[in-house]
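A.B. asks:
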Ligand code: GAL
Ligand code: CA
């Protein structure tokens, strides 16, 4: 019993340490002479972000001492973490916002302490970035993913006449949306559907709801939609792979992907679990959201400004007119799956 209690105590201590943000002296040394960079991830429990985090850590190795925080999907937590990191003397912040609207709050804290910020993955509004000359953004051009996904839907639809189950020439689709108000979720939703329409194919939206980027929520929504519409659904469009994989789980329970019962599903991110389903011919395709390069660019920029250098010093990144580095997306299907696999090496 006593042993169990001690174990419990140690476990709780480890947990609370993790919640406070762990200091990670990167590289072999004690990290004392390396510049401190304060990093927040909106929640560690996000599949895609775990790969961005991994890339930041890898690129910081031997170059920076990271203070890494899990904001646990709570903006108030994140605000406290930023205060804590500023008091610990970080030389730069790399912030993955919880709420994309919260940039001004973080900026006002950093501005007071004269600390530069590199936001990543959740794009702040233009006005927010303009309000602080020492702030930048690393991410993607959100609409690009929607356009690529839309094209993939058009190409695969045109190549598979059987997928038009009711033969009306239109795609009856359901759409799993990411976090509402998130620039990626809004743009992917809009441009994927617009791209289909632009190609001349008619669409009918049977369902559109947010699954908050989450696989469990994706499965729950798909369960409900299958119960309601069954085989009247002809295409499942997901703003990310986690939700696409959730939908696939649901579909498998209903007997899809065995025999000739098939339902086309497309996602975004090209995370390793999704690549496995693409190889099996289950997931139609995805759009590579290049976590490795987004993590690298975030760290490169943060390290430069932490050392008082020009933000792009010694890098190959470019800033657009919105002070943003935008890493390109890439369509991924079975044919070029190796490109996505290589990006995780
Ligand atoms: C998106 C990504 C999602 C999710 C989200 C978090 O770019 O596609 O899977 O990670 O960022 O902000
Ligand atoms: Ca149809």
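Numbering (this note's numbering), first residue to last: 273 to 617.
We put the beta carbon where it would ideally sit given N, CA and C, even for glycine.
Could you tell me whether any non-hydrogen atom of ligand 2 is closer than 7 Å to the CB of residue 438?
C.D. replies: Translated into positions along the chain shown, residue 438 becomes position 166. Taking the Cβ of residue 438 as the reference point, at least one heavy atom of ligand 2 falls within a distance shorter than 7 Å.
A.B. asks: Check the DSSP bridge columns for residue 541 and list the partner residues they point to.
C.D. replies: The sequence position of residue 541 within the chain shown is 269, counting from 1. According to DSSP, which records beta bridges pairwise, residue 541 is partnered with 560.
A.B. asks: Considering only heavy atoms of ligand 1, does any lie closer than 7 Å to the CB of residue 318?
C.D. replies: Taking the first residue of the chain shown as position 1, residue 318 is located at position 46. Yes, Cβ of residue 318 sits closer than 7 Å to a heavy atom of ligand 1.
A.B. asks: Would the stretch 385-398 count as touching the stretch 419-433 if we require 3 or more Cβ pairs under 8 Å?
C.D. replies: no
A.B. asks: Quick one: is residue 496 buried, meaning 16 or more other Cβ sit within 10 Å of its Cβ, or exposed?
C.D. replies: Counting from one through the chain shown, the residue named residue 496 turns up at place 224. That one is exposed.
A.B. asks: Examine ligand 2 and report whether any of its heavy atoms sits within less than 7 Å of the Cβ of residue 550.
C.D. replies: The count along the chain shown starts at 1 and reaches residue 550 at position 278. Flag unset: Cβ of residue 550 not near ligand 2.
A.B. asks: So residue 516 packs on residue 490, CB below 8 Å; how close in whole Å?
C.D. replies: Numbered from 1 along the chain shown, position 244 holds the residue referred to as residue 516. Numbered from 1 along the chain shown, position 218 holds the residue referred to as residue 490. 7 Å between Cβ atoms; contact.
A.B. asks: Using the C-alpha atoms, what's the distance from residue 384 back to residue 693?
C.D. replies: In the structure displayed, the chain extends from 273 to 617; residue 693 sits before or after that span and is not available.
A.B. asks: Return the residue from the list 549, 593, 594 and 577 that minimises the CA-CA distance to residue 586.
C.D. replies: The count along the chain shown starts at 1 and reaches residue 586 at position 314. Ranking the options by Cα distance to residue 586, first place goes to 577.
A.B. asks: To the nearest angstrom, report how far apart residue 507 and residue 462 are at their CA atoms.
C.D. replies: Counted from its first residue, the chain shown places residue 507 at position 235. Counted from its first residue, the chain shown places residue 462 at position 190. Using only the alpha carbons, I get a separation of about 16 Å.
A.B. asks: Cα separation between residue 533 and residue 527?
C.D. replies: Here the question's residue 533 lines up with position 261 in the chain shown. Here the question's residue 527 lines up with position 255 in the chain shown. So the alpha carbons of these two residues sit roughly 7 Å apart.
A.B. asks: Answer with buried or exposed for residue 300, where buried requires no fewer than 16 other C-beta atoms within 10 angstroms of its C-beta.
C.D. replies: In the chain shown, counting from the first residue as 1, residue 300 sits at position 28. Interpretation of residue 300 is limited by its pLDDT of 42, a score under 50 that renders its predicted location unreliable; no figure is taken from the coordinates.
A.B. asks: Suppose the cutoff is 8 Å on Cβ atoms and the five residues either side in sequence are ignored; what does the same chain contact list for residue 285 look like?
C.D. replies: Within the chain shown, residue 285 is the residue found at index 13, counting from 1. Caution applies to residue 285, whose pLDDT of 46 falls short of 50 and renders its modelled position unreliable; the value that the coordinates give is listed next. Same-chain partners within the cutoff: there are none.
A.B. asks: Classify residue 431: buried if its beta carbon has 16 or more other beta carbons within 10 angstroms, exposed otherwise.
C.D. replies: To locate residue 431, count along the chain shown from 1; it is residue 159. The residue in question, residue 431, is exposed, as its Cβ has fewer than 16 Cβ neighbours within 10 Å.
A.B. asks: Does the Cβ-Cβ distance between residue 604 and residue 596 come in under 8 Å?
C.D. replies: Within the chain shown, numbered from 1, the residue matching residue 604 stands at position 332. Within the chain shown, numbered from 1, the residue matching residue 596 stands at position 324. No, the pair does not count as a contact, with Cβ atoms beyond the cut-off.
A.B. asks: Using three-state DSSP, classify residue 341 as helix, strand or coil.
C.D. replies: In the chain shown, residue 341 corresponds to position 69, counting from 1. Strand at residue 341.
A.B. asks: Taking 8 Å as the cut-off, does the stretch 434-452 touch the stretch 546-559 (at least 3 CB pairs, one atom from each stretch)?
C.D. replies: The stretch 546-559 vs the stretch 434-452: no contact.
A.B. asks: Would you say the beta carbon of residue 565 comes nearer than 7 Å to a heavy atom of ligand 1?
C.D. replies: Taking the chain shown and counting its residues from 1, the one referred to as residue 565 is at position 293. No - ligand 1 has no heavy atom lying nearer than 7 Å to the Cβ of residue 565.
A.B. asks: Enumerate in chain order the residues of its own chain whose CB-to-CB distance from residue 418 is below 6 Å, with the five nearest sequence positions on each side excluded.
C.D. replies: The count along the chain shown starts at 1 and reaches residue 418 at position 146. These residues qualify, in order along the chain: 459, 460, 463 and 464.
A.B. asks: Cβ-heavy atom distance between residue 442 and ligand 2 below 7 Å?
C.D. replies: Numbered from its first residue, the chain shown carries residue 442 at position 170. True, at least one ligand heavy atom lies under 7 Å from that Cβ.
A.B. asks: With the cut-off set at 8 Å, would you say residue 362 and residue 390 are in Cβ contact?
C.D. replies: Along the chain shown, one-based indexing puts residue 362 at 90. Along the chain shown, one-based indexing puts residue 390 at 118. Contact: no.
A.B. asks: Between the beta-carbon of residue 387 and the beta-carbon of residue 358, is there less than 8 Å?
C.D. replies: Along the chain shown, one-based indexing puts residue 387 at 115. Along the chain shown, one-based indexing puts residue 358 at 86. Yes.
A.B. asks: Is any heavy atom in ligand 1 found nearer than 7 Å to the beta carbon of residue 483?
C.D. replies: Within the chain shown, residue 483 is the residue found at index 211, counting from 1. Not under cutoff, so the answer is no.
A.B. asks: According to DSSP, is residue 300 helix, strand or coil?
C.D. replies: Numbered from 1 along the chain shown, position 28 holds the residue referred to as residue 300. Residue placement at residue 300 is flagged as unreliable, the pLDDT there being 42, under the threshold of 50; the coordinate-derived value follows with that caveat. Reduced to three states, the DSSP call for residue 300 is coil.
A.B. asks: For my contact list, residue 559 and residue 602 are in at a C-beta cut-off of 8 Å; report their separation, rounded to the angstrom.
C.D. replies: Translated into positions along the chain shown, residue 559 becomes position 287. Translated into positions along the chain shown, residue 602 becomes position 330. Indeed, because the Cβ distance is near 7 Å, the residues count as touching under 8 Å.
A.B. asks: Take every Cβ of the stretch 556-570, pair it with every Cβ of the stretch 309-329, and state whether three or more of those distances are shorter than 8 Å.
C.D. replies: yes
A.B. asks: Any idea which residues DSSP pairs residue 602 with across the strands?
C.D. replies: Counting from 1 along the chain shown, the entry for residue 602 is found at position 330. Beta-bridge pairing links residue 602 to 560.
A.B. asks: Quick one: what does DSSP say residue 506 is sitting in, helix, strand or coil?
C.D. replies: The residue labelled residue 506 in the question sits at position 234 within the chain shown. Three-state DSSP puts residue 506 in coil, outside helix and strand.
A.B. asks: Look at residue 320 and residue 608 and say whether their C-beta atoms are less than 8 Å apart.
C.D. replies: In the chain shown, the residue the question calls residue 320 occupies position 48. In the chain shown, the residue the question calls residue 608 occupies position 336. Result no, Cβ atoms of residue 320 and residue 608 do not sit closer than 8 Å.
A.B. asks: Around the Cβ of residue 610, are there at least 16 other Cβ atoms within 10 angstroms (buried) or fewer (exposed)?
C.D. replies: Reading the chain shown from its first residue, position 338 is the one you call residue 610. Exposed: under 16 other Cβ atoms inside 10 Å.
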